[in-house]
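**Q**
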């Protein structure tokens with residue numbers, strides 16, 4: 010998995026590379042990073058352009074000026090503004106400023122130490138933002154804030170180096186976001202920054218790409234708390250053996266549905282069967298079984314004694330995995346029944362949707378969750394469980410702490426869904442698209458998770474695989490049709506394509 014390094018870890022990586030034991034100077038590293046940046050730029054931006062560069066006095070500014078020099082050799086017109094309010098440029102920045110100034114006639118460099126006289130920015134220009142990098146630890150103010158606001162107002166295309174200037178790489182709780190560059194694109198080094206994973210920061214980061222120069226690869230054992238899960242991390246799904254029966258692939262139970270909400274039970278049940286579960290029992294209110302029989306004939310029906318909502322579930326011990334919550338309702342009797350289930354069933358259980366709200370109504374139930382259980386809240390459900398958070402970073406930290414404290418896995422759903430493990434690791438999912446922001450997609454995810462858990466995957470692996478598979482099915486549909494037309498049932502219909510791809514495509518094996 011791709012690692013997300015903290016600010017301190019990145020400093021240590023670069024310092025190690027440029028120390029006495031390293032194999033290059035800081036200037037050499039700057040040149041290596043700049044060349045990689047420009048190679049990506051040339052792939053993404055065809056033709057020649059007028060490029061306006063804003064360079065700060067530190068390492069990011071040195072990169073910006075080196076990038077300007079290299080791009081000028083590709084016949085781009087370079088207008089570089091070196092922002093130096095303190096009057097002190099770093100050695101690398103000073104050297105790269107001199108190198109750029111000595112370059113061709115298509116280059117203009119000026120240094121600003123006092124009042125800022127902004128350069129003209131035309132709509133067709135590309136602005137490269139190199140004012141400040143991950144060393145940022147306090148909000149922009151004064152002249153730098155004025156420059157950031159000017160660039161945001163005037164520029165149509167902004168490309169940030171490593172991280173948008175003014176954005177802190179992890180926690181922006183105390184930042185003044187009005188003074189942060191709103192990048193169209195960000196080319197980042199050594200892996201994405203934690204801030205990129207948080208929806209609050211999406212308007213500032215834009216579309217991001219990782220420029221890998223191998224620095225993190227040189228220390229493969231370096232541990233970090235944050236990771237990114239992508240298609241290259243999908244292992245080959247286990248094949249079904251010839252001499253097996255349905256019970257070898259999971260005897261699972263889905264407790265779902267209530268009056269007016271039976272569709273959630275159908276979606277979760279269909280997704281479970283399409284994800285390979287061998288035997289599915291759906292526990293539903295008494296008198297609603299015809300709905301399941303019609304829509305999901307493969308499932309066995311378990312009837313509650315109540316005709317409207319969940320009040321009991323017998324023989325839970327016979328199941329390899331249980332999921333509860335889709336369309337369940339929030340009746341007081343259902344909360345009591347959930348407590349009874351948690352006291353009786355000791356294997357990991359999947360808690361979704363209304364079952365999370367039932368936990369929220371009696372938070373002491375968190376202490377009764379079986380170890381390695383999986384909770385799948387969206388933002389609203391999570392806030393109901395633990396209280397409102399002021400931003401995504403605070404919410405993520407809360408989710409991670411609950412996962413550690415209660416020894417469970419929390420799938421905090423969002424654009425980059427975060428799987429918070431009981432070990433403290435946080436792993437972000439990269440599949441999915443905005444079309445999946447529609448009713449029922451969470452029910453589909455629960456069904457897929459139930460199948461994977463029942464088939465013997467560990468709860469963490471089931472969480473990672475299930476989240477990725479769900480999003481990937483959504484992507485396949487959007488590629489064939491559109492994001493706008495996507496509904497939850499479409500994800501189920503595309504699950505067979507996802508499983509076929511991961512079981513038959515050689516490109517995924519051993520990667």
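In the working numbering, the protein residues as written are 10 to 520.
Just so it is clear, CB atoms sit at the ideal spot from N, CA and C, and this is done for glycine as well.
1. Roughly how many angstroms lie between the CA atoms of residue 519 and residue 511, to the nearest whole one?
2. Is it a yes or a no for the stretch 119-134 touching the stretch 89-99, going by three-plus beta-carbon pairs under 8 Å?
3. Could you check which residue in 326, 351, 356, 320 has the C-alpha nearest to that of residue 340?
4. Quick one: which unbroken beta strand (DSSP E) runs of 3-plus residues sit fully inside the stretch 28-64? Chain order, please.
5. Bridge partners for residue 218 per DSSP, in chain order?
6. The ligand GTP and residue 56: does the residue's C-beta get closer than 8 Å to at least one heavy atom of that ligand?
7. On the DSSP bridge assignment, give the partners of residue 383 in chain order.
8. Closer than 8 Å is the cut-off here; do at least three beta carbon pairs connect the stretch 204-218 with the stretch 164-182?
9. What is the rounded straight-line gap between the Cα of residue 402 and the Cα of residue 310?
10. So is residue 306 buried or exposed if we call it buried at 16+ other beta carbons inside 10 Å?
11. Does the beta-carbon of residue 324 have 16 or more other beta-carbons within 10 angstroms, so that it is buried, or is it exposed?
12. Thinking C-beta only, is residue 153 closer than 9 Å to residue 169?
13. Per DSSP, what kind of secondary structure is residue 118 in: helix, strand or coil?
14. Quick check on the DSSP output: the alpha helix (DSSP H) that includes residue 88 runs from which residue to which?
15. According to the neighbour-count rule (16 or more other Cβ atoms, all chains shown, within 10 Å of its Cβ), is residue 327 buried or exposed?
16. Starting from the Cα of residue 385, find the closest Cα among 421, 373, 398 and give me that residue.
17. With a threshold of 16 other CB atoms inside 10 Å of the CB of residue 380, please say whether the residue is buried or exposed.
18. Would residue 47 and residue 80 qualify as a contact pair, given that the criterion is a beta-carbon distance under 9 Å?
19. Let me know the secondary structure DSSP gives residue 514 once reduced to three states.
20. Name the residue from 199, 148, 139, 130 whose alpha carbon lies nearest to the alpha carbon of residue 165.
21. By alpha-carbon positions, which one of 156, 237, 297, 194 ends up nearest to residue 125?
22. Identify the residues that DSSP records as bridge partners of residue 259: which are they?
23. Kindly list the residues whose CB is nearer than 8 Å to the CB of residue 404, restricted to its own chain and excluding five residues on each side of it in sequence; keep chain order.
24. To the nearest angstrom, report how far apart residue 72 and residue 87 are at their CA atoms.
25. Please state the DSSP three-state secondary structure of residue 174.
26. Taking the Cβ atom as the reference point for each residue, do residue 138 and residue 220 lie within a distance shorter than 9 Å?
27. Hey, how far is the Cα of residue 503 from the Cα of residue 482?
28. To the nearest angstrom, report how far apart residue 167 and residue 203 are at their CA atoms.
29. Spatial neighbours of residue 500 within its chain, please: CB distance less than 8 Å, with the 5 preceding and 5 following residues excluded, ordered by chain position.
30. Take the Cβ of residue 294 as the centre, count every other Cβ of all protein chains shown within 10 Å, and call the residue buried at 16 or more, exposed below.
31. What's the gap between the Cα of residue 272 and the Cα of residue 248?
32. Going by DSSP, what residues sit across from residue 135 in a beta bridge?
33. Out of curiosity, what's the CA-to-CA distance linking residue 285 and residue 464?
34. Quick one: residues in its chain with C-beta nearer than 6 Å to the C-beta of residue 206, no 5 flanking neighbours on either side, listed in chain order?
35. Just to confirm, is the Cβ distance from residue 264 to residue 333 under 9 Å?
36. How would you write the range of the beta strand (DSSP E) that residue 429 sits in, first residue to last?
**A** Taking the definition as stated:
1. The residue labelled residue 519 in the question sits at position 510 within the chain shown. The residue labelled residue 511 in the question sits at position 502 within the chain shown. Since pLDDT at residue 519 reaches only 33, below the 50 mark, its modelled position is unreliable, and the value read off the structure follows with that caveat. Their backbone Cα atoms lie some 12 Å apart in a straight line.
2. yes
3. Taking the first residue of the chain shown as position 1, residue 340 is located at position 331. Ranking the options by Cα distance to residue 340, first place goes to 320.
4. 59-64
5. As a first step, residue 218 is located in the chain shown; it is residue number 209 there, counting from the start. According to DSSP, which records beta bridges pairwise, residue 218 is partnered with 196.
6. Ligands in the displayed structure: none, and consequently the ligand GTP is not present.
7. The residue given as residue 383 occupies position 374 in the chain shown. Looking at the DSSP assignment, residue 383 forms a beta bridge with 359, 418.
8. yes
9. Residue mapping note: residue 402 aligns to position 393 of the chain shown, counting from 1. Residue mapping note: residue 310 aligns to position 301 of the chain shown, counting from 1. Straight-line Cα distance between these residues: approximately 42 Å.
10. Position 297 of the chain shown, counted from the first residue, corresponds to residue 306. Residue 306 should be labelled exposed.
11. Translated into positions along the chain shown, residue 324 becomes position 315. Residue 324 should be labelled exposed.
12. In the chain shown, residue 169 corresponds to position 160, counting from 1. In the chain shown, residue 153 corresponds to position 144, counting from 1. Cβ atoms of residue 169 and residue 153: not closer than 9 Å.
13. Position 109 of the chain shown holds residue 118. If DSSP states are grouped into helix, strand and coil, residue 118 belongs with the strands.
14. Stepping through the chain shown from its first residue, residue 88 is reached at position 79. It is not in any alpha helix (DSSP H) - residue 88 instead sits in the beta strand (DSSP E) that spans 86-92.
15. The residue given as residue 327 occupies position 318 in the chain shown. That one is exposed.
16. Indexing the chain shown from 1 puts residue 385 at position 376. Closest option to residue 385, Cα to Cα, is 421.
17. Translated into positions along the chain shown, residue 380 becomes position 371. Exposed, because fewer than 16 other Cβ atoms sit within 10 Å of the Cβ of residue 380.
18. Locating residue 47 in the chain shown gives position 38, counting from the first residue. Locating residue 80 in the chain shown gives position 71, counting from the first residue. Going by C-beta atoms, residue 47 is nearer than 9 Å to residue 80.
19. Counting from 1 along the chain shown, the entry for residue 514 is found at position 505. Low confidence applies here, because residue 514 scores a pLDDT of 46, under 50, leaving its location unreliable; read the following figure in that light. Note: residue 514 maps to coil in three-state DSSP.
20. Residue 165 sits at position 156 when you count from the first residue of the chain shown. Among 199, 148, 139, 130, the Cα nearest to that of residue 165 belongs to 130.
21. Locating residue 125 in the chain shown gives position 116, counting from the first residue. Checked all of 156, 237, 297, 194; the closest Cα to residue 125 is 156.
22. By 1-based counting over the chain shown, the position of residue 259 is 250. Answer by DSSP bridge pairing: none, since residue 259 is not bridged.
23. For the purposes of this step, residue 404 is taken as the residue at position 395 of the chain shown. Here the set comprises 388, 391, 392, 398, 421.
24. If you number the chain shown from 1, residue 72 lands on position 63. If you number the chain shown from 1, residue 87 lands on position 78. Going from the Cα of residue 72 to the Cα of residue 87 covers about 14 Å.
25. Numbered from its first residue, the chain shown carries residue 174 at position 165. Coil, per DSSP.
26. Stepping through the chain shown from its first residue, residue 138 is reached at position 129. Stepping through the chain shown from its first residue, residue 220 is reached at position 211. Going by C-beta atoms, residue 138 is not nearer than 9 Å to residue 220.
27. Here residue 503 refers to the residue found at position 494 of the chain shown. Here residue 482 refers to the residue found at position 473 of the chain shown. Cα-Cα distance, rounded: 5 Å.
28. In the chain shown, the residue the question calls residue 167 occupies position 158. In the chain shown, the residue the question calls residue 203 occupies position 194. Their backbone Cα atoms lie some 20 Å apart in a straight line.
29. Within the chain shown, the letter at position 491 stands for residue 500. The residues are 280, 445, 450, 453, 479, 482, 483, 486.
30. For the purposes of this step, residue 294 is taken as the residue at position 285 of the chain shown. Classification for residue 294: buried.
31. By one-based count along the chain shown, residue 272 stands at place 263. By one-based count along the chain shown, residue 248 stands at place 239. Cα-Cα distance, rounded: 31 Å.
32. Position 126 of the chain shown, counted from the start, is the residue given in the question as residue 135. Per DSSP, 60, 166.
33. Numbered from its first residue, the chain shown carries residue 285 at position 276. Numbered from its first residue, the chain shown carries residue 464 at position 455. Each residue's alpha carbon lies about 8 Å from the other.
34. Taking the first residue of the chain shown as position 1, residue 206 is located at position 197. Excluding residues within five positions, the ones whose Cβ falls inside 6 Å are 425, 437.
35. Numbered from its first residue, the chain shown carries residue 264 at position 255. Numbered from its first residue, the chain shown carries residue 333 at position 324. Cβ atoms of residue 264 and residue 333: closer than 9 Å.
36. Stepping through the chain shown from its first residue, residue 429 is reached at position 420. First-last of the beta strand (DSSP E) with residue 429: 427-429.
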